[in-house]
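For reference, the structure is listed below as structure tokens.
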Amino acid sequence: MDMKRIAIGTIVGGIAYFVLGYLIFNLAAGDYYAANRPPGFSRDAPIVWAAALGSLGLGLLLTLGIMSRAGALTIAGGVVTGALYNFLVWFGVDFLHHSGQEAQNLTLTVVDPLLELIRGGLTGAAIAAVLAMVPKSTAARPAA
Amino acid sequence: MDMKRLAIGTIVGGVTLYAVGYVMFDIATVDYYAANNAAASISRDVNLQWSIGLGYLYLAALLTFVLVSRAGVLTIGTGAAIGAVVGFLVWAGVDFIRYGYEDRWNLTLTIIDSLLGAVQTGIGGAVIAAVLARVPKSAMA
């Protein structure tokens, strides 16, 4: 396991995930989310450190997924892996949360993982693009 | 990608996550969650079982995809370990992001839920690995 590449991928992925989340869910679709949620449910002022920590965790998950892909590391491969992982994560989580709470209606429960597909794909592309420039550690290579 | 193994792992994993989740979250810790849930006013009186089942199927699909994509021999131990790591990263990531933007749970429950999610998914990973070890790999894959 190449810890240097994992660390770089996690940081790049976490930052990309966080920034894309702000662009997609706060700026582009913020009004749509607000209209489909109970009033007072969203915080007036987000707790940024928590969102950043969560983004780092999912950045690590996407990095591990991209690094475990067989074959050469490409940006297209990163897009596919990132989109697939993030879609499955949020589709599962959104429906689990929808089952017990009326925090978001069914339409938003379906739309949210589709938007996460985009965020995951773009984050995966960023991770793959950066990792392609980072040489593999000799310690992580299997013995010849 | 071996679609037969992926389908079997997803179904077995989905059923396991559902059963373990029921024991962990609807029986063992239900009072604890209720006491730490700031959004209790929007909690449903009766959970939507179809939505729970669908959610766990998708998480099981992710877990199975990770397990069958992995190089090397798949054992129950590695299934449990990978399941726990995937479950922790998924739930810690989601819970902290939601904690950042939503007034749903307090910080303690946000942390506890991630750890319980790791236990649940670790068990799911172990069961998926145990079943997939008995399913021969497709020659196509």
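Chains as they are written, first to last, in this note's numbering: chain A, 69 to 212; chain B, 1122 to 1262. Think of the CB as a built atom: it goes at the ideal place given N, C-alpha and C, for glycine as much as any other residue.
*Measure the C-alpha to C-alpha separation of G89 of chain A and A1251 of chain B and round it to an integer number of angstroms.*
37 Å
*asked:* Please tell me whether S45 of chain A has its Cβ less than 9 Å away from any Cβ of chain B.
replied: In this structure chain A extends from 69 to 212, so residue 45 of chain A is not present and cannot be described.
_Straight-line gap, V116 of chain A to S110 of chain A (C-alpha atoms, nearest Å)_ = V116 of chain A and S110 of chain A have their C-alpha atoms roughly 13 Å apart.
*For I28 of chain A, which option in A:I76, A:L91, A:A102 and A:P106 has the closest C-alpha, if you only look at C-alpha atoms?*
Lying outside 69 to 212, the shown extent of chain A, residue 28 of chain A is not represented and no answer is given.
*G1193 of chain B: buried (16+ other C-beta within 10 angstroms of its C-beta) or exposed?*
exposed
*Nearest-angstrom Cα separation, counted from G122 of chain A out to F155 of chain A*: 16 Å
*I1173 of chain B: CB within 8 Å of a non-hydrogen atom of the ligand NAP*: The ligand NAP is absent from the structure shown, which contains no ligands of any kind.
*Starting from W1176 of chain B, find everything on chain A with Cβ-Cβ shorter than 9 Å and list it in chain order.*
The identity of residue 1176 of chain B in the sequence shown is Gly, whereas the question assumes Trp. The contacting residues are F159, G160, V161, D162, F163, L164, H165, H166 and S167.
*Counting Cβ pairs, one atom from each stretch, are 3 or more of them under 8 Å apart for the stretch 1174-1186 of chain B and the stretch 1129-1141 of chain B?*
yes
*From A151 of chain A to G1243 of chain B, what does the alpha carbon distance come to, in whole angstroms?*
23 Å
_Sheet register partners of W1226 of chain B (DSSP bridge)_ = Beta-bridge partners assigned by DSSP to W1226 of chain B: B:N1158.
*Is there contact between the stretch 187-207 of chain A and the stretch 136-149 of chain A, where contact requires at least three CB pairs shorter than 8 Å?*
Between the stretch 187-207 of chain A and the stretch 136-149 of chain A there are three or more inter-stretch CB-CB distances shorter than 8 Å, so the stretches are counted as touching.
_Counting only C-beta atoms, is V116 of chain A closer than 9 Å to chain B at any point?_
Yes, its Cβ sits closer than 9 Å to a Cβ of chain B.
*Can you find a C-beta in chain B that's less than 9 Å from the C-beta of S205 of chain A?*
The Cβ of S205 of chain A sits no closer than 9 Å to any Cβ of chain B.
*Can you give the beta carbon distance from R73 of chain A to A171 of chain A, rounded, assuming they're within the 8 Å contact cut?*
By a beta-carbon distance limit of 8 Å, R73 of chain A does not contact A171 of chain A. Their separation comes to about 37 Å.
*The alpha helix (DSSP H) spanning K72 of chain A covers which residue range?*
M71 to G89 is the extent of the alpha helix (DSSP H) around K72 of chain A.
*Bounding residues of the alpha helix (DSSP H) (the contiguous stretch that carries A120 of chain A)*: V116 to M135 is the extent of the alpha helix (DSSP H) around A120 of chain A.
*Along chain A, in chain order, which residues have C-beta atoms closer than 7 Å to that of V1182 of chain B?*
With the sequence shown as reference, residue 1182 of chain B is identified as Ala, and Val is not the correct amino acid for it. Per Cβ cutoff of 7 Å: L156.
*Could you please give the first and the last residue of the uninterrupted alpha helix (DSSP H) stretch that includes I1132 of chain B?*
Residues M1124 to G1142.
*Where S1172 of chain B sits in the DSSP three-state scheme*: helix
*Using a cut-off of 8 Å between C-beta atoms, extract the partners of V1268 of chain B located in chain A.*
Residue 1268 of chain B lies beyond the range of chain B shown here (1122 to 1262); nothing can be said about it.
*Kindly say whether G1198 of chain B, judged by its beta-carbon, lies nearer than 9 Å to any beta-carbon of chain A.*
For G1198 of chain B, the answer is no, since every Cβ of chain A falls outside 9 Å of its Cβ.
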